[in-house]
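Residues 65 to 286 in the working numbering are what the sequence shown lists, from first letter to last.
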Amino acid sequence: MMFHVKHIALFLFALPSLLMAQGSFTLNDIPFELNIARDQAIQQHLDKELAKSGLSTGEKEFFYWVNYMRKNPNQFYNDCVLPFLKQFPEANGKEAKSLEKDLKASAKLNLLSFSLAASEAAKIHCADLTLKQNGIGHNSSDGKNFSTRMRLAGITKCAAENIYTGKNEPLLSLIMLLLDLGLEVPGHRKNLLTPWFGQMGVSIQTHRSMNRVVLVQIFSCS
């Protein structure tokens with residue numbers, strides 16, 4: 065069995081929008097095995113931050129890995145990306161090389177806190193996407209674009225959105241977003257490494273096909 069990843073990136077600053085092109089990539093259907101110690105400082109921060117968030121275990125795990133990556137991008141490359149590329153050599157192309165360069169050059173970033181508004185917006189859009197047979201995007205089924213969706217959620221300063229569909233493994237999904245395989249411009253990666261985002265919401269739901277999940281991640285300014 066193989067799994068398929070599609071992703072789109074969109075940036076929203078003062079609410080004009082720029083939609084990036086879709087890309088797709090197929091990995092071998094094996095679990096990503098990684099055995100490293102938890103960062104207790106991040107874990108304790110998130111235990112408190114997410115205690116009443118209503119997020120699922122998988123969503124909390126995705127939150128952890130995003131903050132693990134932002135706390136020390138260079139360490140994340142060594143701890144997580146290198147083992148991933150060893151297990152999935154088919155992903156070790158030009159995008160992996162540019163990711164290595166970007167993560168090693170990146171300064172340490174602030175941890176992202178939980179945003180209820182962003183999470184509710186992510187949950188609504190994720191539920192919408194799980195019902196679609198093919199394709200993912202930032203427009204809702206009833207025609208609302210990303211700018212409109214964010215305004216309705218009360219997010220009006222700045223925001224961005226990443227969408228992933230594929231295997232239900234939070235760390236693997238994060239690495240795939242960072243790699244931006246098949247895309248000329250690494251839009252998801254830029255969102256994840258943007259220093260002025262201070263908050264995040266995420267939703268992970270099972271697609272109607274029952275053979276993959278949809279993940280919607282929304283960033284916002286504090």
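Don't be surprised by glycine CBs; every beta carbon is placed ideally from N, CA and C.
Separation of F261 and E154 (C-alpha to C-alpha, rounded to the nearest whole angstrom) is 32 Å. The C-alpha of I188 is placed about 32 Å away from the C-alpha of L98.
The residues N209, in chain order, have a CB closer than 6 Å to that of N203 in the same chain once the five nearest residues on each side in sequence are set aside. DSSP, reduced to helix, strand and coil, places V249 outside both helices and strands of the structure shown, so it counts as coil.
Listed as beta-bridge partners of T270 by DSSP are V277. Sequence-distant Cβ neighbours of C190 in its own chain, meaning closer than 6 Å and more than five residues away, are S267, Q269, V278 and V280.
DSSP places W260 outside any alpha helix (DSSP H), giving it a letter other than H or E.
Here the C-alpha atom of R102 lies approximately 15 Å from the C-alpha atom of N142. About 14 Å separates the Cβ atoms of F96 and F140, ruling out a contact at the 8 Å cut-off.
Note on geometry: alpha-carbon atoms of N232 and G201 lie some 19 Å from one another. Annotation: the stretch 108-183 contains the following complete segments of the alpha helix (DSSP H) (minimum length 4 residues), in chain order: 121-135, 137-140, 146-151 and 158-169.
Two segments are said to touch when three or more pairs of C-beta atoms, one from each, lie closer than 8 Å; by this definition the stretch 108-120 does not touch the stretch 167-174.
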